[in-house]
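Our numbering puts the first residue of the sequence shown at 5, with every later residue one more than the last.
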Amino acid sequence: MKFNYYINLLVIILLFNSCSSDSMPDCIQSAGKMVFYEVPAEDFTAIHVSEGIEVIITQGDIQKVTVETGQNLRKNISLNVKDSQLMLENSSSCNWVRDYNITKVHITTPHLEKIYSASQFAVRSKGVLAFPTLALQSGMFSETASGAFEMELDCENLTVEDNQAVYCKMSGRIDNLVINFYSGDARFDGHNLTAQKVQFFHRSSNDIILNVQQEVRGTLYSTGNLVLKNQPPIVEVERLYSGRVIYE
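The structure is reproduced here in structure tokens:
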């Protein structure tokens with residue numbers, strides 16, 4: 005009995021001591037030493053993020069893409085540009101022994117028009133992003149993880165679309181804001197985002213929180229509320245279910 009116990013214990017010790025090997029199955033492979041490496045990329049104006057990747061975006065004069073991940077996970081990360089869209093892929097699909105949120109991609113770019121995220125981790129800005137027109141999408145084409153957009157912006161036009169449960173936390177300034185939550189439990193926290201004009205389609209069960217200066221127009225289709233941090237001159241909202249307009 006004791007012999008079997010020690011044999012099993014030895015097998016477990018050997019197994020976990022070898023987890024750092026490149027030949028180990030993905031589920032039990034350790035991340036290895038953290039590494040940073042730059043990836044050359046053709047010019048792009050859009051970003052597509054797969055599961056398992058956090059993205060940090062900085063606006064700068066020179067386009068640059070840097071990956072931060074574990075040495076043993078480097079082979080799972082691929083980046084390529086297709087039709088002016090930077091595709092970020094993480095092929096690792098199983099994790100029993102590693103910490104989560106290990107892989108981060110740092111992007112510096114002078115121009116950006118669209119971000120689509122299928123990741124469970126955040127897409128964040130580092131500093132203010134002042135792209136004239138920006139579109140943020142999540143959960144639009146298939147069932148994906150529920151991630152987040154956390155950004156400080158100074159844009160003329162911003163469009164946010166989701167069909168699942170994205171969490172948007174925005175600050176800064178927007179002239180024209182469009183929010184389309186087609187289903188699910190998506191939430192938009194814009195109490196620190198000054199928006200001049202807002203148009204929305206709200207079928208989420210969560211809230212849209214806004215700081216609107218001039219006008220807000222749209223329809224509440226579900227239980228989610230429209231929370232206004234002030235009282236703009238024009239509020240034209242149609243209520244088709246229990247969602248309400250709440251002034252705070």
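Note that CB positions come from ideal geometry on N, CA and C, so glycine has one too.
- Query: Is the Cβ-Cβ distance between Ala194 and Asn180 less than 8 Å?
  - Reply: Here residue 194 corresponds to residue number 190 of the sequence shown, with the count starting at 1. Here residue 180 corresponds to residue number 176 of the sequence shown, with the count starting at 1. Correcting the residue type first, residue 194 is Gly in the shown sequence and not Ala. Against a cut-off of 8 Å, the Cβ pair of Asn180 and Gly194 comes out as no contact.
- Along the beta strand (DSSP E) that carries Ala139, what are the first and last residues, could you check? By one-based count along the sequence shown, residue 139 stands at place 135. Element bounds for Ala139: Thr137 to Ser142.
- Among Asn167, Met155 and Glu55, nearest to Ser123 - alpha-carbon criterion: The residue you call residue 123 lines up with position 119 of the sequence shown. When each option's Cα is compared against that of Ser123, the closest is Glu55.
- Item | Cβ pair Thr137, Gly64 closer than 8 Å | Taking the sequence shown and counting its residues from 1, one reaches residue 137 at position 133. Taking the sequence shown and counting its residues from 1, one reaches residue 64 at position 60. The answer is no: Cβ separation not under 8 Å.
- Task: Helix, strand or coil for Gln168, going by three-state DSSP, please let me know.
- Result: The residue given as residue 168 occupies position 164 in the sequence shown. In this structure, Gln168 counts as coil in the three-state DSSP scheme.
- Message: Buried or exposed, going by whether 16 or more other CB atoms sit within 10 Å of the CB of Tyr120?
- Response: Taking the first residue of the sequence shown as position 1, residue 120 is located at position 116. So Tyr120 ends up on the buried side.
- Taking the beta strand (DSSP E) that Ser82 falls in, what are its first and last residues? Against the sequence shown, residue 82 aligns to sequence position 78. That run of the beta strand (DSSP E) goes Ile81 to Lys86.
- Query: Would you say the segment 80-94 touches the segment 125-141, given that touching needs at least three Cβ pairs under 8 Å?
  - Reply: no
- How many angstroms separate the CA atom of Arg243 from the CA atom of Leu162? Residue numbering aside, residue 243 sits at position 239 when the sequence shown is read from its first letter. Residue numbering aside, residue 162 sits at position 158 when the sequence shown is read from its first letter. Taking the straight line from one Cα to the other gives about 24 Å.
- Message: Suppose you measure from the CA of Ser246 to the CA of Phe125; what does that come to, to the nearest Å?
- Response: Within the sequence shown, numbered from 1, the residue matching residue 246 stands at position 242. Within the sequence shown, numbered from 1, the residue matching residue 125 stands at position 121. Approximately 31 Å, taken between the alpha carbons.
- Query: Under the rule that 16 or more other beta-carbon atoms within 10 Å means buried, what is Gln235, buried or exposed?
  - Reply: The residue you call residue 235 lines up with position 231 of the sequence shown. Exposed, by the Cβ-count rule.
- Task: Mind checking which residues open and close the beta strand (DSSP E) that includes Ser121?
- Result: Working through the sequence shown from its first residue, we reach residue 121 at position 117. Per DSSP, Ser121 belongs to the beta strand (DSSP E) from Lys118 to Ser121.
- Item | Spatially closest choice to Glu58 from Ile106, Ser82, Ile66 and Gln217, by CA coordinates | Translated into positions along the sequence shown, residue 58 becomes position 54. Checking every option, the nearest Cα to that of Glu58 belongs to Ile106.
- Span of the beta strand (DSSP E) around Ala50: Translated into positions along the sequence shown, residue 50 becomes position 46. Run containing Ala50: Ala50 to Val53, per the beta strand (DSSP E) assignment.
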